[in-house]
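See structure below.
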C-alpha cells in the first residue's frame, strides 16, 4: 500500500504536543511496516520532524505557497491510495475525502470558543466539520476524546480509533547532548516545572496566583520554571514581579528533560487537554505530577497523579505544598508513574493507524460520495404570519402538497383579525398552529422552531410559496453532501396573482458575494438543525434584514453554504412587502449587519441606497440633483469613502494603503519589492523585530541578500540551513557579533549549512550569496530551502 502523509499544518513550537505524537507514531509506522511505502509531504519548517527515514519512506519538501496543489498532483501521479492528514485545515486539496484519515487530538475550539479569535474559530470549524463529516477514518488520543468526537453534531464518520502517544523521550537522539554552564546552574535550584505555551487554556495566571500563595505560606526557596513560547510573558510577569518565576522560552530536548528530571514536580493545572504528553514524560523520568482532574488527564494518569481544581487557587497551592512535604506520597506516585508509562506504546498506536488505512482502502466507496445516517430526515417548516389571509392559503397548500412525506409544519400567527384564524382552523390537525400576539417576525419564527424537532429547517413567509418537489430535492442534496449546512436554490418572483414576473438574482455562493447583496433567496433556503443550534435563534431586534443577518452569521460560524440550480420557491413581490415599503430602515439594518459580520459595507449597497433616495426625492431636492451628469456615481463614491474611512484610525488607513502597495509591488515588480525590503532591513534594522525574515520567497527560495532575526535563540541549539544552490556560488554568512564566514556551495547538491549561535539574546543572521538565477517573473533566486530551524512560517 502507498500511503501519503501530510505534515503541512505542523509548526515547531505552537503545535509541539501534536508534533511529538505524530513523530512517535509515524516513525514506529515506518519501521514496523517495511513492506508498505510512504511519501511524506513536509514544508521547510517541519521536515526535521521525521529524523529516522528508512528506505520505504520518501521525504518531499513542498513550498508553503501552493503546497496542496502540488500534493494533489503528486498523489494522483504516484498512485497514493490513502492520505493521512496531521490536522484538519482549510485547503484546496483534490484528493477523495473518503480516502483521507485525519488526526484530531481534541475539539477545544468547541469546548472553549472564547480562547480563539473569531477568524481562527471559524477556520477551525470549517475544517473540523468537513473532516468529521467526510473522513474515511479519524485517529484521536483518548477514549474520552473519541466519545466526544462521536457525540459531535457534525460527526458522520464512524471509524474513530485510538492513536495515543507513549513517552517521547526515546524519540530524541540529542537527549544526551552536553548542557551549558548556565543550564547546569539552573538545574542546581529547587523548582516546579510547567512546560506550556502561554495560551488561555494553559491557565498561567491562576497557576502563578497559586504559586504566590504557596510561596508566601511556606516561605520555600522553590522557584517556578516555565518553558514554551514566551509571547505575552512580559505583560504577565509584570503582575507577579516579586515571585521567583523564570520563563526559559523554547528549550532543546536535552535541557527540557534535564529540567523535568530535577523538578520537584510537574505542574499541569491546565483548563483543557486532549491528552497531556508531559505526564508520560514525567512518569518516565521519575518526577511526580500535580495536575487538573480533566477526563483526559485522569485517563492517562490514573492513580499516579495528584489533582486539584484548576479554577481553585487555594487548592492548587495546597497540592504544591503536599507534593513537597509528603515524602511517602512522592515515592508512591513516582512508582505508580513508572508502571503507568509502560501501558502506552508507539507501536500499538502505529498498528492502529495502519489497520485504519487498510480498512479505509478496503471499503467499496465510489468517487461520488453519498452518505446519510438518516434515509428520511424530518424537515421542519415554520410560517410566521400576521393579517395575510389573502395569501396564507396558497402558502399552506404549497407545503401540504409536497411529495416528501416527513414534513413537520407549524404556523405562528401574530393574532390576526382578517380571517387568518378561521382559515387555520379549517385545516383541522393537518399541522400545528397558534394565534397570539408576538414581538415581530423573528420572534414568531423562533417560537415556531422551538416547537419542532426536524434535522432540516426552513421558514416560509405567509405570502411566499414552495414549488412542487422542493423539499424532496433539498433532502436529496443534503444526503449527497453531508458536510453542507445550508442549501439554497433558485426562486421565481411572483405577483399578487401568482404570475411569474422574474427570477430572484441568486448566485454561486461565496462570503464576498453574499456581502455584495443577498444572493440567498429566503424561501428557497434550507439549513440543518445542527448549524441552527450552533448559531442560535434569529435576531429579534431586526425587522428587515433578519434572514440576511442569519446567513452571514452561519457563514462566520463556520457553516458550509452551497447553491443548487433547482428552482425551489416563489417569492412574492408587491408594494406592501416590508422590503419594498420601508427601504431606508431596510438599508440601515443592512449596513449594520454587514459592518458587524464583514467589517465593511459593499459599494453595491451604496448604489442601491442612493438610487432609492434620488428616485424618491429623499430628502427633497435630490431628484433634481440626480439629473446632473455624474452626480449619482459621485455621491455614491463619496458616501462609500466617508463611511469606511471615518471608522478607521489613521494608522489603520495608512497601513491598509501600505499593504496594498506592497502586494501590488510583489506581484508586478518582484525585484523592486525585494530591493525595497532589503533597503528597509539595512537602514532600519529594528524593523526586524516586527518582520523577522527578509529575502525569503513563499515558494522556498532565498534572495541573494537575506536577513534572519532570532529574538530568543535557544542556547546550545544546533541551527542549520539545508537546501540546494541552483548554480555554483559562495555564501558569506555572519551572525551578529561575529565575523563573516564563507561556504562554497556546489550546484544542485543538497547540503546542510551549520550556524552557530552562542548568545541567548536577540541575534541577527546575515546571508550574502555571490550568484543567483532570475525566474520568469524577474525574481532573483539564490538558494532553495529544504529544511531549516532558523525561522518558522509564522515569522514570515
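In the UniProt record's numbering, the protein residues as written are 1 to 796.
A virtual CB, placed ideally from N, CA and C, is assigned to each residue, including glycine.
For residue 696, three-class secondary structure by DSSP: The sequence position of residue 696 within the chain shown is 696, counting from 1. If DSSP states are grouped into helix, strand and coil, residue 696 belongs with the strands.
With distances taken between CB atoms, is the gap from residue 566 to residue 490 smaller than 8 Å? Within the chain shown, numbered from 1, the residue matching residue 566 stands at position 566. Within the chain shown, numbered from 1, the residue matching residue 490 stands at position 490. It is a contact, given that the beta carbons lie within the stated cut-off.
For residue 20, I'd like the list of residues in its chain whose CB is within less than 6 Å of its CB, leaving aside the five on either flank, ordered along the chain. Locating residue 20 in the chain shown gives position 20, where the first residue counts as 1. Hits under 6 Å: 168 and 277.
According to DSSP, residue 410 sits in a beta bridge with which residue or residues? Within the chain shown, residue 410 is the residue found at index 410, counting from 1. In the DSSP output, where bridge partners are listed per residue, residue 410 has 382 and 432.
Beta-carbon within less than 6 Å of residue 109's beta-carbon, same chain only, minus the 5 sequence neighbours each way: which residues are those? As a first step, residue 109 is located in the chain shown; it is residue number 109 there, counting from the start. These residues qualify, in order along the chain: 116, 121 and 124.
Between residue 56 and residue 37, which are expected to be in contact by the criterion C-beta below 8 Å, what is the C-beta distance as a whole number of angstroms? Along the chain shown, read from residue 1 onward, the residue named residue 56 stands at position 56. Along the chain shown, read from residue 1 onward, the residue named residue 37 stands at position 37. With a Cβ gap of about 5 Å, residue 56 and residue 37 count as contacting.
So what's residue 531 in DSSP terms, helix, strand or just coil? Numbered from its first residue, the chain shown carries residue 531 at position 531. Three-state DSSP puts residue 531 in a helix.
Can you check which of these residues, 454, 570, 534 and 541, is closest to residue 557 by C-alpha distance? As a working mapping, residue 557 is identified with position 557 in the chain shown. Of 454, 570, 534 and 541, the residue nearest in Cα terms is 534.
Grab me the residues of residue 826's own chain with a C-beta within less than 8 Å of its C-beta, minus the 5 sequence neighbours each way, in chain order. Summary: the structure shown does not reach residue 826, with the chain confined to residues 1 through 796, and so no result is reported for it.
Is the shortest distance between the beta-carbon of residue 205 and the beta-carbons of chain D less than 8 Å? The chain labelled as chain D is not found in the depicted structure, where only one protein chain is given.
What did DSSP end up calling residue 135 once you bin it into helix, strand or coil? Locating residue 135 in the chain shown gives position 135, where the first residue counts as 1. Correct three-state label for residue 135: coil.
What distance in whole Å lies between the Cβ atoms of residue 340 and residue 304, which are believed to be in contact at a cut-off of 8 Å? For the purposes of this step, residue 304 is taken as the residue at position 304 of the chain shown. For the purposes of this step, residue 340 is taken as the residue at position 340 of the chain shown. Indeed, because the Cβ distance is near 5 Å, the residues count as touching under 8 Å.
So residue 289 and residue 279 are supposed to be a Cβ contact under 8 Å. How far apart are they, rounded? Sequence index remark: in the chain shown, residue 289 carries index 289 (1-based). Sequence index remark: in the chain shown, residue 279 carries index 279 (1-based). About 5 Å separates the two Cβ atoms, so the contact holds.
Since residue 198 and residue 211 are thought to touch, with beta carbons under 8 Å apart, how far apart are those beta carbons, to the nearest angstrom? Counting from one through the chain shown, the residue named residue 198 turns up at place 198. Counting from one through the chain shown, the residue named residue 211 turns up at place 211. The Cβ separation is near 15 Å, so there is no contact.
So, helix, strand or coil for residue 280, using DSSP? Counting from one through the chain shown, the residue named residue 280 turns up at place 280. If DSSP states are grouped into helix, strand and coil, residue 280 belongs with the helices.
In chain order, what residues of the same chain lie with their CB nearer than 8 Å to the CB of residue 236, ignoring the 5 residues before and after it? Against the chain shown, residue 236 aligns to sequence position 236. Answer for residue 236: 198, 204, 205 and 208, listed in chain order.
Under the DSSP definition of a beta bridge, which residues are partnered with residue 193? Position 193 of the chain shown, counted from the start, is the residue given in the question as residue 193. According to DSSP, residue 193 bridges with 225 and 266.
Integer Cβ distance of residue 583 from residue 612, believed to fall under 8 Å: Within the chain shown, the letter at position 583 stands for residue 583. Within the chain shown, the letter at position 612 stands for residue 612. The Cβ separation is near 5 Å, so the contact holds.
Closest residue to residue 334 among 361, 301 and 349 (Cα-Cα distance): Start at 1 with the first residue of the chain shown, and residue 334 comes out as number 334. Looking at the Cα atoms, 301 is the closest of the given residues.
Could you give the residue range of the beta strand (DSSP E) that holds residue 732? Reading the chain shown from its first residue, position 732 is the one you call residue 732. Element bounds for residue 732: 729-735.
Whole angstroms are fine: how far does the CA of residue 312 sit from the CA of residue 292? If you number the chain shown from 1, residue 292 lands on position 292. If you number the chain shown from 1, residue 312 lands on position 312. Each residue's Cα considered, the two are about 10 Å apart.
Measuring CA to CA, which of 134, 394, 449 and 718 is closest to residue 427? As a first step, residue 427 must be located in the chain shown, where it is residue number 427. Nearest option by C-alpha distance: 394.
Endpoints, the alpha helix (DSSP H) within which residue 214 is located: As a position in the chain shown, residue 214 is number 214, starting the count at 1. From DSSP, the alpha helix (DSSP H) with residue 214 extends over 204-218.
I'd like the span of the alpha helix (DSSP H) that includes residue 598, first residue to last. Residue mapping note: residue 598 aligns to position 598 of the chain shown, counting from 1. Element bounds for residue 598: 583-598.
Just checking, does the segment 238-255 make contact with the segment 170-183 on the three C-beta pairs under 8 Å criterion? yes
Do you know how far the Cα of residue 324 is from the Cα of residue 310? As a first step, residue 310 must be located in the chain shown, where it is residue number 310. As a first step, residue 324 must be located in the chain shown, where it is residue number 324. When rounded, the distance between both Cα atoms is 19 Å.
Along the chain, which unbroken stretches of the beta strand (DSSP E) at least 3 residues long are found entirely within the segment 518-574? 525-528 and 561-572
Closer than 8 Å by C-beta to residue 447: which residues in its own chain qualify, once you throw out the five before and the five after it? Chain order, please. As a first step, residue 447 must be located in the chain shown, where it is residue number 447. Within the same chain, residue 447 has close Cβ partners 412, 434 and 438.
Between the segment 186-201 and the segment 39-59, do three or more beta carbon pairs fall short of 8 Å? no
Output the boundary residues of the beta strand (DSSP E) element that contains residue 245. To locate residue 245, count along the chain shown from 1; it is residue 245. Run containing residue 245: 245-247, per the beta strand (DSSP E) assignment.
Tell me whether the beta-carbon of residue 134 lies closer than 8 Å to the beta-carbon of residue 97. The residue you call residue 134 lines up with position 134 of the chain shown. The residue you call residue 97 lines up with position 97 of the chain shown. Yes; because the gap between Cβ atoms is below 8 Å, this pair is in contact.
What do you reckon, are the CB atoms on residue 563 and residue 509 nearer than 8 Å? On the chain shown, position 563 is the one that residue 563 refers to. On the chain shown, position 509 is the one that residue 509 refers to. Contact: yes.
Which listed residue (111, 790 and 466) has its alpha carbon closest to that of residue 294: Within the chain shown, the letter at position 294 stands for residue 294. Minimum Cα distance to residue 294 is reached at 111.
Residue 101 burial status per 10 Å Cβ neighbour count (16 or more: buried): Translated into positions along the chain shown, residue 101 becomes position 101. When all chains shown are included, residue 101 counts as buried.
Cα-Cα separation, residue 603 to residue 790: Residue 603 sits at position 603 when you count from the first residue of the chain shown. Residue 790 sits at position 790 when you count from the first residue of the chain shown. When rounded, the distance between both Cα atoms is 44 Å.
Kindly list the residues whose CB is nearer than 8 Å to the CB of residue 632, restricted to its own chain and excluding five residues on each side of it in sequence; keep chain order. Along the chain shown, read from residue 1 onward, the residue named residue 632 stands at position 632. Within the same chain, residue 632 has close Cβ partners 610, 611, 614 and 626.
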